[in-house]
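What follows is a single structure, written as structure tokens, with notes after it.
The structure is reproduced here in structure tokens:
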């Protein structure tokens, strides 16, 4: 039966009350300030004009790619996707993302070579012309076909007439300059044999003869190919084959072409002999001895025919493998002379293009590389080197190498961190790449005005962690760490099933805690494990490793409510030799009454989910494991997954929590300092009336600790009832504070949880949702700040734990750290997300840290100790504060933010962030020499608030929470930067800083750069005389309105695009925009005039040379008789 909750009713009534009264209440709340703090009110400098929200760049591999194009002169690559996105790549660091508003799949892309424009054909039968001569490309024209479906497009080099093939088998011609249809149409029934009774199928190929622009080769799906004479408007030749055609390619001399078919064959045809192909090849077919036809193979989806001056032509194809190669990976086949190379790919091939030296189709092609677009990768193959090695890809396309499970973003890091990570990451690079430069080299870099270092860290499903240099809107991988290396790989399947609490990916990263100053890294994984890493530039010698492994801590963290006599959480055993012991192992814990009985039933008890390596292993320079902590199974119940994590290098402590409680570990002494159930933290101050429960009910498996939500699917709650169903879906698991109640009907997020929910189920699962180390006032009576840990829970409680840290040096390793709950309890509405501290001037008080230094140095031990003693334990500015100065604690929950004045613990300011939704991510960040609170809500709003007064500064509707990926990866950082994973393969970066928005235009790279078009191939004297060279065609004469008339208006509708104005910075307002537009127009006009001048000069010189040749000929043959020729 559904429980009736009076709180929900009251919330509804309150929300329905008049807006004026709620505004008054809010004003009163703003005034709830302690009496004494008005005197030293902080001067706030941030105003709403400092904020503006805009997308900056998108990194990563284009999700679900569908089309590919290359401009051989500009050297720019374009990739279209199934969601209507367009990604353009130039030289490394020059990238651009555009989006078609309709979101329809891109089926084909065609560059206007060296014109700075691109035509895209979409699945909704629209054509779009993109202007690439601006930093943010925009659509100039669109054409929407209403009665025909587009299947194939072809734009000849240096032509303004685009051929558009359709599903009905017709070909329409579009003027690319005006984006209007010509009246000239090639109808399917005219192109095929009149005697043919069947429809030839959709147009799958169009191309003009390289040597005669007046002849158009049209390929129909059924297997018919027609050579159409554009002038006489009839087919010269028709070539029929019984197998369906997938693609067609010309030999550059225009005398032969090649077709690829659905039975895995290639047919080569002579243009003038249409009766049968000159040659039929089955590249992957087994040749049978008795002269029979080879067995049919899979379809050859695409073929390219490229010639070289000095050798045999290249035939490059995708597909065509024999049917008996089950499990064989997708292949690209390169046939060159008698050799055939089969290049296996990791993913299926979407499309490929051969990169050639010349843009002219009637010249020797001289292919030098093949760009292969795969489902999840982009590969470039070097055709000039033996063995066809691949080029090392300089673009950040490997974000999704293993699915991203979490990410963190750090702007304004210490300047030495990126070089340090780069130097250790450089050693991880693979060998065997092509020695040549990356061939996609178009465009120019932007002028970056941002000089501060930025780092993005991504955690992945396979347990790997990647560090990325994200400075100045670029992205480059620095270093990769595999956390799974510290564990034994389970070879036995039965063994795995007993301990795994996840179906797959037992090493998946859930939380990353990183201190850029000390370079300490701490991760929490899906198998309830925590690993602490130190950064070192030295390789660790093997002697250190057994110590590391033996120092593995196993913690029993399970709270039993049913046992009234012993409400204590199961204690972690003390370590017998915390310091200096060669192999200190934890003592088995004393058995709990319920545990011992269940253990006798043969249930798993006191074992971790993963097994740490026992043999020594080498740790390369970079991040090296210092300590592995694992939660263990208790009485057949798996450990709950970790929901929060924090590490502090100054105190030498790591702390983490889940829905059962909190554990604190001294990683220097390898000792457990605290292991408490959440309820125990309250002591006698517990505000809830918690009733005892039966042990079986209280032990919910890991599904309760983290949401079990897959995109678009809702898992019924009953699944999490039995202890055997302790399985978790890892990819979209979320800490409890992010757990929304999903409404299946409309897939929208609704939320109704407040701090006074009376459900025992929720209370007993009160999880630790936020942890923050700081040096501040722990109690009201404190006269000076001291080290402490602030703990936030999912029920909106903040508890403070005091830390007594021994002095540095040897004392730190010998004396114990004393930890005690302080009794301080603060309350907020909704789960606590983030905490931070300000001094009395409103400046951020960062947690104490110890600056990084090399640990693996071969120096004397006493030297090391001296160095330790010299180091300050804390570099927090608060430690030197005068006693009289107060601090502010900033606490952000899912529903509200509070600023608490310390040490008095009075609420100085309060702001209800959202009533109807909930905050997914809140960060306290620096911007314009000040700080603010930035929040992202599930209803799609991004908001910022001033600190400490919590004045609203920005509230923009950005994007709704459509899937858990956004919730799991959204993060804000300093200087107005933020990011999230927009698709499984791409990171979207955005800014909420006005200054960055203004500078963005300068920072973006230029795609188009003025480049001379290469000279056309020389036809040679005799070819010119006897007409053997390429025949040109005046297309204007054929397709222009005067010759062909107007096209039917109902066939296609012209839609003018927003044009080039959008991309010019400052176009939105003022004289600057007008000037910029005028300058752009002048530039383009000047460029066109320049082109005209060049063409006129070329025509003059060719006319000149022609008259000279004619005169020479006349002199040579003047006195000869006809029989002497």
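Residue numbers (the working numbering): 62 to 1186.
All C-beta atoms, glycine included, are put in the ideal place defined by N, C-alpha and C.
All of these numbers come straight from a predicted model, not from anything done at the bench.
* Asked: On the three-state DSSP scale, how would you describe residue 111?
  -> For the purposes of this step, residue 111 is taken as residue 50 along the chain shown, with counting starting at 1. Looking at residue 111 - three-state DSSP - the assignment turns out to be helix.
* Asked: Would you report the Cα separation of residue 102 and residue 701, rounded to the nearest angstrom?
  -> As a working note, residue 102 is residue 41 in the chain shown. As a working note, residue 701 is residue 640 in the chain shown. Cα to Cα, the separation comes out at about 44 Å.
* Asked: From which residue to which residue does the beta strand (DSSP E) around residue 483 run?
  -> Translated into positions along the chain shown, residue 483 becomes position 422. Residue 483 -> not in any beta strand (DSSP E); alpha helix (DSSP H) instead, spanning 478 to 486.
* Burial state of residue 566, where buried means 16 or more other Cβ atoms lie within 10 Å -> For the purposes of this step, residue 566 is identified with residue 505 of the chain shown, where counting begins at 1. That one is buried.
* the stretch 514 to 524 in contact with the stretch 460 to 474 per 3-pair CB rule at 8 Å -> yes
* If you drop the 5 nearest sequence neighbours on each side, which residues of the same chain put their C-beta closer than 7 Å to that of residue 142? -> Here residue 142 refers to the residue found at position 81 of the chain shown. Leaving aside the five residues that flank residue 142 on each side, the residues in its chain whose CB is nearer than 7 Å to its CB run, in chain order, 123, 124, 125, 126, 127, 167.
* **Residues near residue 946 in its chain [Cβ-Cβ closer than 6 Å; skip 5 each side]** => For the purposes of this step, residue 946 is taken as the residue at position 885 of the chain shown. So the qualifying residues of the chain are 901.
* Just tell me which of 1111, 1049, 1118, 1074 has its CA closest to the CA of residue 121. => Numbered from 1 along the chain shown, position 60 holds the residue referred to as residue 121. Of the candidates 1111, 1049, 1118, 1074, the one whose C-alpha sits nearest the C-alpha of residue 121 is 1049.
* **Best match in 1043, 1003, 913 for proximity to residue 1030 [C-alpha to C-alpha]** => Taking the chain shown and counting its residues from 1, the one referred to as residue 1030 is at position 969. For residue 1030, the closest of 1043, 1003, 913 by C-alpha to C-alpha distance is 1043.
* **residue 125, DSSP secondary structure in three states** => Numbered from 1 along the chain shown, position 64 holds the residue referred to as residue 125. Three-state DSSP puts residue 125 in coil, outside helix and strand.
* **Inter-residue CB distance, residue 204 and residue 155 (contact presumed, cutoff 8 Å)** => Indexing the chain shown from 1 puts residue 204 at position 143. Indexing the chain shown from 1 puts residue 155 at position 94. So it is not a contact: roughly 29 Å between Cβ atoms.
* Straight-line Cα distance separating residue 1014 from residue 108 -> For the purposes of this step, residue 108 is taken as the residue at position 47 of the chain shown. For the purposes of this step, residue 1014 is taken as the residue at position 953 of the chain shown. Rounded to whole angstroms, residue 108 to residue 1014 spans 6 Å at the Cα level.
* Asked: When the Cα atoms are used, what is the spatial distance from residue 633 to residue 616?
  -> Stepping through the chain shown from its first residue, residue 633 is reached at position 572. Stepping through the chain shown from its first residue, residue 616 is reached at position 555. In this prediction, residue 633 has a pLDDT of 36, which is less than 50 and means its spatial position is unreliable; what the coordinates show is noted afterwards. Spanning the two alpha carbons is a distance of roughly 6 Å.
* Euclidean distance between Cα positions of residue 889 and residue 177 -> On the chain shown, residue 889 is found 828 positions in, with the first residue counted as 1. On the chain shown, residue 177 is found 116 positions in, with the first residue counted as 1. Each residue's Cα considered, the two are about 56 Å apart.
* To do: Within the same chain, show all residues whose beta-carbon is closer than 6 Å to that of residue 792, passing over the 5 residues directly before and after it, in chain order.
  => Numbered from 1 along the chain shown, position 731 holds the residue referred to as residue 792. Confidence at residue 792 is low in this model, with a pLDDT of 31, below 50, so the placement of that residue is unreliable and no value is reported for it.
* So the beta strand (DSSP E) residue 405 belongs to, where does it begin and stop? -> Within the chain shown, the letter at position 344 stands for residue 405. 400 to 405 is the span of the beta strand (DSSP E), which, as asked, contains residue 405.
* Check the C-beta distance from residue 269 over to residue 217 and give it rounded, since I have them as a contact under 8 Å. => Against the chain shown, residue 269 aligns to sequence position 208. Against the chain shown, residue 217 aligns to sequence position 156. The pair is a contact, with the Cβ atoms about 5 Å apart (cut-off 8 Å).
* **Nearest residue (CA-CA) to residue 372, options 1075, 398, 866** => Within the chain shown, residue 372 is the residue found at index 311, counting from 1. Per the Cα distances, 398.
* Would you list the residues sitting across from residue 528 in a DSSP beta bridge? => Locating residue 528 in the chain shown gives position 467, where the first residue counts as 1. DSSP lists 518, 540 as partners of residue 528.
* **Identity of the residue in 1004, 741, 967 nearest residue 983 by Cα** => By 1-based counting over the chain shown, the position of residue 983 is 922. For the residues 1004, 741, 967, the minimum Cα distance to residue 983 belongs to 1004.
* For residue 733, count neighbouring Cβ atoms within 10 angstroms of its own Cβ and tell me buried if that reaches 16, exposed if not. => Along the chain shown, one-based indexing puts residue 733 at 672. Buried, by the Cβ-count rule.
* Environment of residue 367 [buried if 16+ CB atoms lie within 10 Å] -> For the purposes of this step, residue 367 is taken as residue 306 along the chain shown, with counting starting at 1. When all chains shown are included, residue 367 counts as buried.
* Could you check which residue in 374, 410, 987, 382 has the C-alpha nearest to that of residue 425? => The residue you call residue 425 lines up with position 364 of the chain shown. Measuring from the Cα of residue 425, the nearest candidate turns out to be 374.
* Asked: Are the beta-carbon atoms of residue 859 and residue 740 separated by less than 8 Å?
  -> Along the chain shown, read from residue 1 onward, the residue named residue 859 stands at position 798. Along the chain shown, read from residue 1 onward, the residue named residue 740 stands at position 679. Not in contact: residue 859 and residue 740 (Cβ atoms no closer than 8 Å).
* Asked: Which of helix, strand or coil does DSSP assign to residue 1063?
  -> Here the question's residue 1063 lines up with position 1002 in the chain shown. Here residue 1063 sits in helix by DSSP.
* To do: Could you check the C-alpha separation between residue 1167 and residue 272 for me, to the nearest Å?
  => By 1-based counting over the chain shown, the position of residue 1167 is 1106. By 1-based counting over the chain shown, the position of residue 272 is 211. Approximately 20 Å, taken between the alpha carbons.
* Asked: Beta-carbon separation of residue 228 and residue 212 under 8 Å?
  -> Taking the first residue of the chain shown as position 1, residue 228 is located at position 167. Taking the first residue of the chain shown as position 1, residue 212 is located at position 151. Against a cut-off of 8 Å, the Cβ pair of residue 212 and residue 228 comes out as a contact.
* To do: Leaving aside the five residues before and after residue 456 along the sequence, list all residues of the same chain whose C-beta is less than 8 Å from its C-beta, in chain order.
  => Translated into the one-based positions of the chain shown, residue 456 becomes position 395. Cβ within range, chain order: 150, 153, 156, 439.
* Thinking residue 726 and residue 592 are a contact (beta carbons under 8 Å), I'd like their distance in whole angstroms, please. => Translated into the one-based positions of the chain shown, residue 726 becomes position 665. Translated into the one-based positions of the chain shown, residue 592 becomes position 531. At roughly 12 Å, the Cβ-Cβ gap does not stay under 8 Å, so residue 726 and residue 592 are not in contact.
* To do: Give the DSSP-derived three-state secondary structure of residue 159 in the structure shown.
  => The sequence position of residue 159 within the chain shown is 98, counting from 1. In this structure, residue 159 counts as strand in the three-state DSSP scheme.
* To do: Starting from residue 347, trace the beta strand (DSSP E) both ways and give me its first and last residue.
  => Position 286 of the chain shown, counted from the first residue, corresponds to residue 347. Premise fails: residue 347 is in no beta strand (DSSP E) and is neither H nor E.
* Burial state of residue 1028 (16 or more Cβ within 10 Å) -> In the chain shown, the residue the question calls residue 1028 occupies position 967. So residue 1028 counts as buried.
* Burial state of residue 24 (16 or more Cβ within 10 Å) -> This structure cannot settle anything about residue 24, because the visible part of the chain is limited to 62 through 1186.
* Check whether the Cβ atoms of residue 513 and residue 473 sit closer than 8 Å, and answer yes or no. => Taking the first residue of the chain shown as position 1, residue 513 is located at position 452. Taking the first residue of the chain shown as position 1, residue 473 is located at position 412. Yes. Within cutoff.
* Is DSSP giving residue 104 helix, strand or coil here? -> Taking the chain shown and counting its residues from 1, one reaches residue 104 at position 43. DSSP places residue 104 in coil when its eight states are reduced to three.
* How long is the line joining the alpha carbons of residue 665 and residue 703, rounded to whole angstroms? -> Locating residue 665 in the chain shown gives position 604, counting from the first residue. Locating residue 703 in the chain shown gives position 642, counting from the first residue. Their Cα atoms are separated by approximately 20 Å.
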